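A.B. asks:
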Amino acid sequence: MALKIVSSMCTACSACEAECPNVAIREKGGTYIIDPKKCTECEGHFDAPQCIAVCPVPGCIKKA
Amino acid sequence: MSASAKSSSTYISLDSLLKSGRAQSEPSSSGCSSSGGSGKSSCGSAAGPDDMPAHIWEKVKNHPCYSEEAHHHYARMHVAVAPACNIQCNYCNRKYDCSNESRPGVVSQKLTPEQAVKKVLAVASAIPQMTVLGIAGPGDALANPAKTFKTFQLLQEQAPDIKLCLSTNGLALPEMVDEIAKYNVDHVTITINMIDPEVGERIYPWIFYQHKRWTGRDAAKILTERQLEGLEKLSAKGILTKINSVLIPGVNDEHLLEVNRAVKARGAFLHNIMPLISEAEHGTYFGLNGQRGPSAQELKAVQDACAGGANLMRHCRQCRADAVGLLGEDRSDEFTLDKIEQMEVVYDLDKRREYQQSVERERQAQHAAKLEAVAAAPADEDIKLLLAVATQGQGRVNQHFGHATEFQIYEVSGREAVFVGHRRVDLYCQGGYGEDEQLPSIVNAINDCHAVLVAKIGACPRDELLAAGIEPVDAYAHEFIEKAALSWFADYRARIARGEISHQPRGDARIRQGAYTAAA
Chain A
1 MALKIVSSMC TACSACEAEC PNVAIREKGG TYIIDPKKCT ECEGHFDAPQ
51 CIAVCPVPGC IKKA
Chain B
1 MSASAKSSST YISLDSLLKS GRAQSEPSSS GCSSSGGSGK SSCGSAAGPD
51 DMPAHIWEKV KNHPCYSEEA HHHYARMHVA VAPACNIQCN YCNRKYDCSN
101 ESRPGVVSQK LTPEQAVKKV LAVASAIPQM TVLGIAGPGD ALANPAKTFK
151 TFQLLQEQAP DIKLCLSTNG LALPEMVDEI AKYNVDHVTI TINMIDPEVG
201 ERIYPWIFYQ HKRWTGRDAA KILTERQLEG LEKLSAKGIL TKINSVLIPG
251 VNDEHLLEVN RAVKARGAFL HNIMPLISEA EHGTYFGLNG QRGPSAQELK
301 AVQDACAGGA NLMRHCRQCR ADAVGLLGED RSDEFTLDKI EQMEVVYDLD
351 KRREYQQSVE RERQAQHAAK LEAVAAAPAD EDIKLLLAVA TQGQGRVNQH
401 FGHATEFQIY EVSGREAVFV GHRRVDLYCQ GGYGEDEQLP SIVNAINDCH
451 AVLVAKIGAC PRDELLAAGI EPVDAYAHEF IEKAALSWFA DYRARIARGE
501 ISHQPRGDAR IRQGAYTAAA
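Just so you know, the sequences run in chain order A and B.
Counting along the first sequence from 1, when you hit position 48 you're at 48 in the UniProt record's numbering, and nothing is skipped either side.
Counting along the second sequence from 1, when you hit position 65 you're at 65 in the UniProt record's numbering, and nothing is skipped either side.
1. Taking 9 angstroms as the CB-CB limit, is E41 (chain A) close to chain B?
2. Does any residue of chain B have a CB that is nearer than 9 angstroms to the CB of V23 (chain A)?
3. Is the number of C-beta pairs between the region 361-371 of chain B and the region 445-457 of chain B that are closer than 8 angstroms three or more?
4. What ranges does the alpha helix (DSSP H) occupy inside the region 101-175 of chain B, keeping only unbroken runs of at least 4 residues that lie completely in it?
5. Which same chain residues end up closer than 6 angstroms to R352 (chain B) when comparing Cβ atoms and leaving out the 5 residues on each side of it in sequence?
6. In the region 379-447 of chain B, which residue ranges form an unbroken alpha helix (DSSP H) of at least 4 residues, counting only runs that do not cross its ends?
7. Between which two residues does the beta strand (DSSP E) holding Y32 (chain A) run?
8. Are at least three pairs of beta-carbons, each pair with one atom in the region 120-138 of chain B and one in the region 23-43 of chain A, less than 8 angstroms apart?
9. Count the CB pairs spanning the region 226-233 of chain B and the region 159-179 of chain B that are closer than 8 angstroms, and state whether there are at least three.
10. Between the region 466-476 of chain B and the region 250-260 of chain B, can you find at least three pairs of beta-carbon atoms closer than 8 angstroms?
11. For H454 (chain B), which of helix, strand or coil comes out of DSSP?
12. Report buried or exposed for D491 (chain B), applying the criterion of at least 16 other Cβ atoms within 10 angstroms of its Cβ.
13. Can you tell me which of the three DSSP states G37 (chain B) falls into?
14. Would you mind telling me which residues of chain E sit closer than 7 angstroms to S14 (chain A), beta carbon to beta carbon, in chain order?
15. Indicate whether A84 (chain B) and S14 (chain A) have their beta-carbon atoms separated by less than 9 angstroms.
16. Quick one: Cα of I511 (chain B) to Cα of P294 (chain B), how far?
17. Rounding to the nearest angstrom, what Cα-Cα distance links R385 (chain B) and D448 (chain B) in this structure?
18. Run the CB neighbour count on Q504 (chain B), radius 10 Å, all protein chains shown included, and call it buried at 16 or more, exposed below.
19. At a cut of 8 angstroms, does the region 41-52 of chain A reach the region 200-213 of chain B through at least three beta carbon pairs?
20. Any beta carbon from chain A within less than 9 angstroms of A376 (chain B)'s own beta carbon?
21. May I ask which residues mark the beginning and end of the alpha helix (DSSP H) holding V374 (chain B)?
22. Starting from A82 (chain B), trace the alpha helix (DSSP H) both ways and give me its first and last residue.
23. Between the Cα of Y183 (chain B) and the Cα atoms of B:I277, B:L166 and B:A122, which residue gives the shortest distance?
24. What are the partner residues of W206 (chain B), as DSSP defines its beta bridges?
25. For V6 (chain A) and chain B, any beta-carbon pair shorter than 9 angstroms?
26. List, from N- to C-terminal side, the beta strand (DSSP E) runs of 3 residues or more that fit wholly inside the region 457-502 of chain B.
27. Near R396 (chain B), which residues of its chain fall below 7 angstroms by C-beta distance, leaving aside the five closest residues on each side in sequence?
28. May I have the straight-line CA-CA distance separating R415 (chain B) from M77 (chain B), to the nearest angstrom?
29. With distances taken from CA atoms, which of B:Q158, B:K221, B:K483 and B:Y209 is nearest V374 (chain B)?
30. Can you have a look at L466 (chain B) and say buried or exposed, based on whether 16 or more other CB atoms are within 10 angstroms of its CB?
31. Can you tell which of B:E344, B:H72, B:A116 and B:I192 has its C-alpha closest to the C-alpha of G421 (chain B)?
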């Protein structure tokens with residue numbers, strides 16, 4: 001259970017990085033990536049995945 | 001709902017504003033008062049030292065965004081350390097980045113706080129009249145608090161003479177006011193486009209607040225409450241605020257009068273009403289859905305109607321989030337990361353002070369010339385018209401027509417010449433040759449003006465301007481703008497009196513929307 005960022009759509013705005021409760025998001029090669037080993041899709045933390053809620057690009061973050 | 005309670009959402013039409021010029025009853029003003037009739041406020045952007053308390057003048061006098069007079073002389077820069085945003089606006093798409101384009105939210109290179117400080121020191125050494133550093137995105141300064149405040153902290157240590165300011169949508173503002181005060185930030189800009197959630201839901205599709213995405217009216221309600229609370233807290237701390245409002249025809253045009261009253265009541269220092277920038281090629285929701293921006297006269301009508309409320313700013317250039325230089329110029333290309341790496345930066349505080357003193361002498365000369373010209377002008381004002389001016393700073397008519405990428409617009413009567421705005425244009429002159437296809441767009445941009453004051457102008461554009469009914473004037477080259485404008489006006493009146501010409505009203509003008517098609 002994890003989410004991934006579609007790198008071709010990512011604007012590298014970094015908004016998701018600060019919101020992730022698992023510190024699973026970091027910058028890599030000009031865009032951001034989600035560590036699938038750390039991502040819980042925010043289950044147990046919030047009602048909805050925080051990275052999707054804050055991302056300005058529709059469809060940029062989806063299920064891995 | 002009673003008629004009076006309903007009145008908050010029954011707006012006067014833009015048409016009625018255009019006809020009356022001033023449809024708004026003047027709210028009682030505190031502090032800075034407004035002078036009647038001309039739509040000119042006696043404080044804020046156009047004001048001078050005689051119009052406000054000394055401690056406030058001290059804060060604004062060298063700030064190009066807060067003082068219209070200062071913007072002819074002092075420069076600012078933005079550093080793009082704040083990429084993240086916590087709301088979505090229908091006029092914004094931060095994915096689009098064209099280095100030839102200038103509008104808020106757009107940036108070429110994102111910087112870390114350390115890179116930003118290096119850039120500031122390099123620019124401050126090369127451009128000693130750079131007095132103000134702002135963080136304006138490309139996202140929201142306060143949605144990136146760690147990066148924003150780290151930058152401020154480093155700058156306070158390394159360049160203590162530079163004024164710090166920031167720009168925010170206000171959502172995260174209330175809790176940040178104490179932190180802002182800690183870094184001696186004495187200017188904060190909040191973008192407030194509405195105070196009514198019904199209007200807001202047409203501007204903001206969503207906000208991210210307290211770990212949740214809010215949409216529709218709920219989102220707009222939270223946003224407006226947070227914005228106004230933040231504004232009140234800043235005012236209570238004595239931090240000067242500028243309210244930016246994007247004028248979106250058919251969405252918030254008449255509503256901006258209410259916004260003006262609401263922000264003035266909460267202590268806003270300046271209100272800056274800016275035209276929507278909207279083209280399909282920008283990829284914004286508004287751009288893709290055909291929402292148009294206002295014409296020059298529509299913008300001016302709303303600005304004039306608001307002029308009795310909070311002090312109005314008219315010289316905003318809607319800068320990019322990484323702009324460098326005087327307002328209206330952008331030298332960011334000279335200060336890219338690669339180029340900064342190669343620069344030898346010596347931050348010489350004394351040299352900067354010395355230079356700024358010479359700028360101050362020039363500025364005082366402009367101020368004196370303006371007072372003198374106004375004193376010499378006759379008191380009657382039956383004619384009022386617009387003039388376009390080609391200037392590259394220092395408050396003088398000192399630019400060649402063909403080299404202008406913008407014209408400053410002055411409203412002139414027999415009594416005074418008041419700066420009321422500017423118009424961006426595509427460069428006419430490329431490598432020594434005039435580009436004839438550019439002329440119609442320049443004529444469109446200043447079509448509501450009776451004349452254009454320039455340092456020099458070629459024969460071809462001169463004839464075309466005359467054919468369009470705009471008088472090209474190079475007789476006042478290198479004079480101070482206000483003096484030149486009033487001198488030209490006196491001459492214009494004399495020619496009418498002699499029966500050589502008759503005074504005709506002008507049409508509307510187009511506010512330029514797209515990217516620069518020609519290299520600036």
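Glycine included, every Cβ here is placed at the ideal spot set by N, Cα and C.
Keep in mind the model is a prediction, meaning the values are calculated, not measured.
C.D. replies: Taking the coordinates as given:
1. Nearest CB-CB separation between E41 (chain A) and chain B: not below the 9 angstroms threshold.
2. no
3. no
4. 113-126 and 145-158
5. P128
6. 439-445
7. For Y32 (chain A), the uninterrupted beta strand (DSSP E) segment begins and ends at T31 to I34.
8. No, the region 120-138 of chain B does not touch the region 23-43 of chain A.
9. yes
10. Taking a cut-off of 8 angstroms on C-beta distances, the region 250-260 of chain B does not touch the region 466-476 of chain B, as fewer than three cross pairs fall below it.
11. A small fix is needed here, since residue 454 (chain B) is Val in this sequence, not His. In this structure, V454 (chain B) counts as coil in the three-state DSSP scheme.
12. exposed
13. Confidence at G37 (chain B) is low in this model, with a pLDDT of 29, below 50, so its placement is unreliable and the value that follows should be read with caution. DSSP, reduced to helix, strand and coil, places G37 (chain B) outside both helices and strands of the structure shown, so it counts as coil.
14. Absence of chain E from the displayed structure is noted, the protein chains being A and B.
15. Result yes, Cβ atoms of A84 (chain B) and S14 (chain A) sit closer than 9 angstroms.
16. 7 angstroms
17. Here the sequence assigns Leu to residue 385 (chain B), which means Arg is not the residue at that position. The straight-line gap from Cα to Cα measures roughly 9 angstroms.
18. exposed
19. yes
20. no
21. L349 to A376
22. Here A82 (chain B) belongs to no alpha helix (DSSP H), and DSSP marks it neither H nor E.
23. B:L166
24. B:Q88 and B:T215
25. no
26. 471-473
27. Only H478, E479, F480 and I481 meet the Cβ criterion.
28. Roughly 35 angstroms between the two C-alpha positions.
29. B:K483
30. exposed
31. Comparing alpha-carbon positions, the option among B:E344, B:H72, B:A116 and B:I192 lying closest to G421 (chain B) turns out to be B:H72.
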